[in-house]
Amino acid sequence: MGKFEIKTGSSGKTMFNLKAGNGQVILTSQSYESKDGCKNGIESVKKNSQDDARFDRKVAKDGSPFFTLTSTNGQIIGKSEMYSSNDAMENGIASVKKNAPDADVDDNS
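Under our numbering, the first residue of the sequence shown carries the number 34, and numbering increases by one thereafter.
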């Protein structure tokens, strides 16, 4: 089962990673000013990850596929790593869909 990990960066802002059951990071959030904002972001990922239309499939300048997850207002709430192929990216999206809804939250901030 996946989990969300909350941590505080060197700037003092809070962010989270969604990790798959194998420990691999599959989605990284923006930085939030407050822990409450970060927790709201996690709830948004849990909800929006179940709607395929919320995943924006993109290509980086070097040709690497990646995706972002957006909320209903269009704001980006998470970004993936860079993938080696479209198939790998689609597997990453499937992993977010599978792991996010019931993922526990570990607060390491």
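We put the beta carbon where it would ideally sit given N, CA and C, even for glycine. Given the structure is predicted, the values throughout are model-derived calculations rather than measurements.
Between residue i and residue j, what straight-line distance do the alpha-carbon atoms span, to the nearest angstrom?
i: Ala-136; j: Ser-77; result: 13 Å
i: Met-48; j: Lys-72; result: 9 Å
i: Asp-69; j: Asp-140; result: 12 Å
i: Lys-79; j: Asp-89; result: 16 Å
i: Arg-170; j: Gly-56; result: The structure shown does not extend to residue 170, since the chain is modelled only from 34 to 142, so the question has no answer here.
i: Asp-85; j: Ser-43; result: 33 Å
i: Asp-120; j: Gly-96; result: 14 Å
Can you give me the start and stop residues for the alpha helix (DSSP H) that residue i sits inside?
i: Lys-80; result: 68-81
i: Lys-130; result: 119-132
Closer than 6 Å by C-beta to residue i: which residues in its own chain qualify, once you throw out the five before and the five after it? Chain order, please.
i: Ser-92; result: Before going on, a small fix: residue 92 reads as Val here, not Ser. The answer, listed in chain order, is Pro-98.
i: Ile-109; result: Thr-101, Thr-103
i: Gly-111; result: Leu-60, Ser-62, Val-78, Leu-102
i: Phe-21; result: The requested residue 21 does not occur in the structure, where the chain is confined to residues 34 to 142.
i: Lys-130; result: Ser-82
Suppose the cutoff is 8 Å on Cβ atoms and the five residues either side in sequence are ignored; what does the same chain contact list for residue i look like?
i: Lys-40; result: Thr-47, Met-48, Phe-49, Asn-50, Asn-141, Ser-142
Do residue j and residue i count as a contact pair if the criterion is CB distance below 8 Å?
i: Ala-53; j: Ser-117; result: no
i: Ser-113; j: Ile-59; result: yes
i: Pro-134; j: Gln-83; result: yes
i: Asn-124; j: Gly-35; result: no
Following the continuous beta strand (DSSP E) through residue i, name the residue where it begins and the one where it ends.
i: Gly-45; result: No beta strand (DSSP E) contains Gly-45, which DSSP labels as neither H nor E.
i: Thr-105; result: Run containing Thr-105: none; DSSP gives neither H nor E here.
Report the option in the options whose CA atom is closest to the CA atom of residue i.
i: Asn-106; options: Glu-38, Ser-67, Asn-81; result: Asn-81
i: Leu-102; options: Lys-36, Lys-94, Gly-35, Met-122; result: Met-122
So, for residue i: in the same chain, excluding its five sequence neighbours on each side, which residues have a beta-carbon less than 7 Å away from its beta-carbon?
i: Glu-66; result: Lys-46
i: Met-115; result: Ala-93, Ser-97, Phe-99
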